[in-house]
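Those protein sequence lines, which keep their order, are chains A and B.
Offset between the first sequence (1-based) and this note's numbering: plus 1.
Offset between the second sequence (1-based) and this note's numbering: plus 1.
Written out below as structure tokens is the structure these notes cover.
There are 2 protein chains.
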Amino acid sequence: MLELKFDPKKGIWAEEPDTLEKLRKNYFGTEKNGKIYLDIEEALFLINFQNARCKSPDGKDLGFNQLASRFVGKEPRLFIKYNAYRDWRDRGLVVRRLEKIKARKTKALKRYPMRVIRPEGLEADAVWYPKSLFSVLQSKTLGKQLFEEYWIGQFGIYKQDRGSLLKLDFFETVFLAEHFGLKIINGETGEELKAKNILSQVIREREYARQLYDIYEDWRLRGYVVKTGFKFGSHFRIYFPGASPAKEGKYVHSKHVLHVFPKEQKLLISEWARAVRVAHGVKKTFILGTGKLKKKEYVDYPTDFVAYRRKKTKQGWVRETPEDKPRYLLVPIAEDEHIGGVELASLLKKAHEMGLELLLSITDRETAITYYVLKQIVLPGSKYEYYEIEWMKP
Amino acid sequence: MLELKFDPKKGIWAEEPDTLEKLRKNYFGTEKNGKIYLDIEEALFLINFQNARCKSPDGKDLGFNQLASRFVGKEPRLFIKYNAYRDWRDRGLVVRRLEKIKARKTKALKRYPMRVIRPEGLEADAVWYPKSLFSVLQSKTLGKQLFEEYWIGQFGIYKQDRGSLLKLDFFETVFLAEHFGLKIINGETGEELKAKNILSQVIREREYARQLYDIYEDWRLRGYVVKTGFKFGSHFRIYFPGASPAKEGKYVHSKHVLHVFPKEQKLLISEWARAVRVAHGVKKTFILGTGKLKKKEYVDYPTDFVAYRRKKTKQGWVRETPEDKPRYLLVPIAEDEHIGGVELASLLKKAHEMGLELLLSITDRETAITYYVLKQIVLPGSKYEYYEIEWMKP
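Shown next as structure tokens:
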């Protein structure tokens, strides 16, 4: 049995030789003057799962609630933090408070390819249906060409070779008007419309249309094909430069979905996880895009833990310890909490500077944990921030 | 070839004998004085896919855009409506404007079972961690009993037989305090808390917590097990009365997820579809719950079409026609549009009164259509509205 002591002035510690040895072997606590001092989540874990007993100065046994109550004033989100700690430890892996490690060298970011597109001056016009937010191009030759070369619009029926109209959604309509010189006629009034007028109209009627268009344009100008991600629960699906809707008669499949998270938006963790979940269910990489932050916009979001995983040795897979490089900046959060674009970007920056990957540990209402790893990626020359999010099992 | 005529004063019609015969056979338009008059979506469909030509009074051919432009002033969401019409027709099925059918007998609603629960006066207290929004019950006997009899809380570790604390989320904490007389102690101050104080605190910190709790309580009081739906992208997952977490050592699987859509909330169609999509991906029935509307709260949401499907005859499956009973009230909508709880409830009421099922036809930015059928269900004695939503392939 592990023996712990608690004193309001000194904290939680162990001094009994057997206990000290067991704690040392499993990297619990911090050694000082022959004692090991424990953080509250460490003590709660030991009480709950390692049969530890914790005594108060008057010799009374302190249970989970009695000990936790002494700390909850200073550690407001204690239960969420404890639960994140508990799950990681419970897998036989090591996790420590952040203050206890030193910063490491930063890692290189993953770079995505790009291809410069060469827009043409299009000698044609499309009719814009203002309330439907679609436009229709009637020229069969040009429609087929735009569709096959750029995979812009929908030529005929989706995945069928019938029909000859090119239907353009509002992003495509604005993009072709802005960068390809396509003439757009208002179907209601017969007047010609400028790209920026169409975009202004869409912005008035559709939430975050400006932020979505900016990111649509960002990828399109780098040669990516960007189509609706509706079937995959995201704003867009993307194909790498060079993709075409029907190469050699076979339909290509996208491997990435792209979701826009405006930095001013706050999203429920559960809503955010839902989008990642759909992408994961259809085996696509989920990319989140957000505006680049100004220096003063970054915030200091509380980060509690660094986590170690496993490494391969001659003896097989063994757990990593504080003698190895830590892997993750582990951030505990609950399913019903909100997170904003600014907070996520700030966390990513912090993890990057420490040479760590960002790991979100999400506690659901049943105390089960879901992990997501966030990796920053670079789209050459872009002024937006993008990161891949992957579901992870430790 | 089909021959159509257009005159701004008279509309679109056919009068050439071959054309009349073909239109009649496929239930296009309305016959009057030996002519068949067409709605704009019918004419656009015939031009685009049936090789029809439409002539203006001066003998000019009118293409898709030329004809659509004449109508877009009166029919603002013309393209979205046309696309919904197009997809249904394209499957060889019949769809007509709403004004052209008569109301039918209403159908009975699907009833869910219920079992009255018998709450006990619990002689124990749990500690509430205010910033974490969890409480912990330390009594092992009582914890195990609540978990196994009511499947309330999480006893030990999720799906493992270890640990002996009962962790209660905020819905469970409030519910046990309100209906089972469980005593709740504030972990920060040591004071006893009333159910309504805990709920008020949660409402301040969590979006729509009141609406979620009301619906949680509604199902719990009828004997259902209601747990987090986080892993399935919804607010809750539910089990029918009598379910237990570990019957004969086997874990039961929920078959329904329950999502709360407050009537005052407006949701993007794409967000709404995402939640249904996750549920469908894990083979669960998706139930949407919303507050009951007062009579004056119902709105007249535009409904355009009634749709027919197929029936089995001695000759096999054949399409239904206006001589059969229509099946669906078909509502065209685009992925980037918003829909509110009030609009959905109003549409359901209208469909129910006409004896039809409600069918949402969602046009994505690529003009592909996804169909969802909505069926109202009844939870005995409940003052909320619930409906099942299913993905459908016509």
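From the three backbone atoms N, C-alpha and C, an ideal C-beta is built for every residue, glycine too.
In this text the structure is predicted, and so the values were computed from the model without any measurement.
**Prompt:** Can we say the stretch 230 to 246 of chain A touches the stretch 268 to 288 of chain B, given the rule of at least three CB pairs closer than 8 Å?
**Reply:** yes
**Message:** Using a 10 Å radius around the Cβ and a threshold of 16 neighbouring Cβ atoms, would you call A:Thr174 buried or exposed?
**Reply:** Position 173 of the first sequence, counted from the start, is the residue given in the question as residue 174 of chain A. Flag for A:Thr174 reads buried.
**Asked** Starting from A:His257 and walking both ways along the beta strand (DSSP E), at which residues does that stretch end?
**Response** Along the first sequence, read from residue 1 onward, the residue named residue 257 of chain A stands at position 256. Segment 257 to 261, the beta strand (DSSP E) holding A:His257.
**Request:** Round the Cβ separation of A:Leu361 and A:Ile334 to the nearest angstrom and send it over; I've been treating them as touching at under 8 Å.
**Result:** Counted from its first residue, the first sequence places residue 361 of chain A at position 360. Counted from its first residue, the first sequence places residue 334 of chain A at position 333. At roughly 6 Å, the Cβ-Cβ gap stays under 8 Å, so A:Leu361 and A:Ile334 are in contact.
**Asked** Which residues bound the alpha helix (DSSP H) around B:Gly144?
**Response** By one-based count along the second sequence, residue 144 of chain B stands at place 143. Per DSSP, B:Gly144 belongs to the alpha helix (DSSP H) from 141 to 151.
**Item:** A:Ala280 versus A:Leu349 - alpha carbon distance
**Value:** Mapped onto the first sequence, residue 280 of chain A falls at position 279. Mapped onto the first sequence, residue 349 of chain A falls at position 348. Taking the straight line from one Cα to the other gives about 21 Å.
**Asked** Which partner residues does B:Tyr388 have in the DSSP bridge list?
**Response** By one-based count along the second sequence, residue 388 of chain B stands at place 387. BP columns for B:Tyr388 point to B:Leu289, B:Gln377.
**Item:** Contact residues within the stretch 281 to 314 of chain A, judged by C-beta distance below 9 Å to chain B
**Value:** Gly282, Val283
**Asked** What's the C-alpha gap between B:Lys264 and A:Pro246?
**Response** Working through the second sequence from its first residue, we reach residue 264 of chain B at position 263. Working through the first sequence from its first residue, we reach residue 246 of chain A at position 245. The straight-line gap from Cα to Cα measures roughly 41 Å.
**Prompt:** According to the Cβ coordinates, are B:Arg87 and B:Phe50 closer than 9 Å?
**Reply:** Mapped onto the second sequence, residue 87 of chain B falls at position 86. Mapped onto the second sequence, residue 50 of chain B falls at position 49. Yes; because the gap between Cβ atoms is below 9 Å, this pair is in contact.
**Request:** Output the boundary residues of the beta strand (DSSP E) element that contains B:Asn84.
**Result:** Taking the first residue of the second sequence as 1, we reach residue 84 of chain B at position 83. First-last for B:Asn84: 79 to 91, but that is the alpha helix (DSSP H), not the beta strand (DSSP E).
**Message:** Taking the beta carbon of A:Val277 as the centre, do at least 16 other beta carbons fall within 10 Å, making it buried, or is it exposed?
**Reply:** The residue you call residue 277 of chain A lines up with position 276 of the first sequence. By the neighbour-count rule (16 or more Cβ atoms within 10 Å), A:Val277 is buried.
**Asked** Where are the beta strand (DSSP E) runs, 3 residues long or more, that stay fully inside the stretch 316 to 368 of chain A, in chain order?
**Response** 317 to 320, 329 to 335, 339 to 341, 358 to 364
**Request:** Please list the partners that B:Gly122 has in chain A, where partner means a Cβ-to-Cβ separation under 8 Å.
**Result:** If you number the second sequence from 1, residue 122 of chain B lands on position 121. Going along chain A, no residue has its Cβ under 8 Å from B:Gly122, so there is no contact; the nearest lies around 21 Å.
**Prompt:** Counting contacts by CB-CB distance shorter than 9 Å, is A:Glu189 in contact with chain B?
**Reply:** In the first sequence, residue 189 of chain A corresponds to position 188, counting from 1. By this cut-off, A:Glu189 is an interface position.
**Request:** For B:Ala109, count neighbouring C-beta atoms within 10 Å of its own C-beta (all shown protein chains included) and say buried if the count is 16 or more, exposed if not.
**Result:** Here residue 109 of chain B refers to the residue found at position 108 of the second sequence. Under this definition B:Ala109 is an exposed residue.
**Request:** Less than 8 Å between the CB atoms is what I'm expecting for A:Gln139 and B:Asn66, so what's the real figure, rounded?
**Result:** To locate residue 139 of chain A, count along the first sequence from 1; it is residue 138. To locate residue 66 of chain B, count along the second sequence from 1; it is residue 65. Their Cβ separation, rounded to whole angstroms, is 5 Å, which keeps A:Gln139 and B:Asn66 in contact under 8 Å.
**Request:** Consider the Cβ of A:Arg78: report whether some Cβ of chain B lies at a distance smaller than 9 Å.
**Result:** Walking along the first sequence from the start, residue 78 of chain A turns up at place 77. Yes, because at least one Cβ of chain B sits closer than 9 Å to the Cβ of A:Arg78.
**Prompt:** Any beta-carbon of chain B closer than 9 Å to the one on A:Ser362?
**Reply:** The count along the first sequence starts at 1 and reaches residue 362 of chain A at position 361. No, its Cβ sits nowhere closer than 9 Å to a Cβ of chain B.
**Request:** Have a look at B:Asp215 and A:Glu189 and give me their C-alpha separation to the nearest angstrom.
**Result:** Within the second sequence, residue 215 of chain B is the residue found at index 214, counting from 1. Within the first sequence, residue 189 of chain A is the residue found at index 188, counting from 1. If I take the Cα positions, the gap works out to 47 Å.
**Message:** Please classify B:Pro131 as buried or exposed, where buried requires at least 16 other C-beta atoms within 10 Å of its C-beta.
**Reply:** As a working mapping, residue 131 of chain B is identified with position 130 in the second sequence. Classification of B:Pro131: buried, given that the 10 Å Cβ count is 16 or more.
**Item:** A:Leu134 - containing beta strand (DSSP E), residue span
**Value:** Position 133 of the first sequence, counted from the start, is the residue given in the question as residue 134 of chain A. Per DSSP, A:Leu134 belongs to no beta strand (DSSP E) and is neither H nor E.
**Request:** With B:Asn187 as the anchor, note down where its alpha helix (DSSP H) starts and where it stops.
**Result:** As a working note, residue 187 of chain B is residue 186 in the second sequence. No alpha helix (DSSP H) holds B:Asn187; the beta strand (DSSP E) holding it covers 184 to 187.
**Message:** Any beta carbon of chain A sitting closer than 9 Å to that of B:Glu179?
**Reply:** Taking the first residue of the second sequence as 1, we reach residue 179 of chain B at position 178. It does not; no Cβ of chain A falls within 9 Å.
**Request:** Kindly indicate the opening and closing residues of the alpha helix (DSSP H) around A:Leu45.
**Result:** One-based indexing of the first sequence puts residue 45 of chain A at position 44. It spans 41 to 50 - the alpha helix (DSSP H) in which A:Leu45 sits, taken as one unbroken run.
**chain B within 9 Å of A:Val95, Cβ atoms only** = Residue 95 of chain A sits at position 94 when you count from the first residue of the first sequence. A:Val95 does not count as touching chain B.
**Item:** Collapsed DSSP secondary structure at B:Glu192 in the structure displayed
**Value:** Within the second sequence, residue 192 of chain B is the residue found at index 191, counting from 1. Reduced to three states, the DSSP call for B:Glu192 is coil.
**Nearest-angstrom beta carbon gap, A:Asp126 and A:Ile185 [assumed within contact, 8 Å]** = Here the question's residue 185 of chain A lines up with position 184 in the first sequence. Here the question's residue 126 of chain A lines up with position 125 in the first sequence. The pair is a contact, with the Cβ atoms about 7 Å apart (cut-off 8 Å).
**Prompt:** Is there a Cβ from chain A that is less than 9 Å from the Cβ of B:Tyr159?
**Reply:** Taking the first residue of the second sequence as 1, we reach residue 159 of chain B at position 158. B:Tyr159 counts as touching chain A.
**Item:** Reference A:Ala44, options A:Leu143, A:Glu32, A:Ala69, closest by Cα
**Value:** Along the first sequence, read from residue 1 onward, the residue named residue 44 of chain A stands at position 43. Nearest option by C-alpha distance: A:Ala69.
**Asked** Rounded C-beta distance between B:Ile153 and B:Leu123? I'm assuming under 8 Å.
**Response** Taking the second sequence and counting its residues from 1, the one referred to as residue 153 of chain B is at position 152. Taking the second sequence and counting its residues from 1, the one referred to as residue 123 of chain B is at position 122. Between B:Leu123 and B:Ile153 the Cβ distance is about 11 Å, and since that is not below 8 Å, they are no contact.
**Request:** Would you mind reading off the limits of the beta strand (DSSP E) that contains B:Lys56?
**Result:** Your numbering for residue 56 of chain B matches position 55 in the second sequence. Here the beta strand (DSSP E) through B:Lys56 covers 54 to 56.
**Request:** Write down the C-beta distance between A:Leu21 and A:Ile37 rounded to the nearest angstrom, noting that I regard them as a contact closer than 8 Å.
**Result:** Residue numbering aside, residue 21 of chain A sits at position 20 when the first sequence is read from its first letter. Residue numbering aside, residue 37 of chain A sits at position 36 when the first sequence is read from its first letter. Contact holds; Cβ gap of about 6 Å.
**Request:** Could you tell me the boundaries of the alpha helix (DSSP H) in which A:Gly282 lies?
**Result:** To locate residue 282 of chain A, count along the first sequence from 1; it is residue 281. 270 to 282 is the extent of the alpha helix (DSSP H) around A:Gly282.
**Prompt:** Would a check of beta-carbon distances place B:Ala335 closer than 9 Å to chain A?
**Reply:** Here residue 335 of chain B refers to the residue found at position 334 of the second sequence. B:Ala335 counts as touching chain A.
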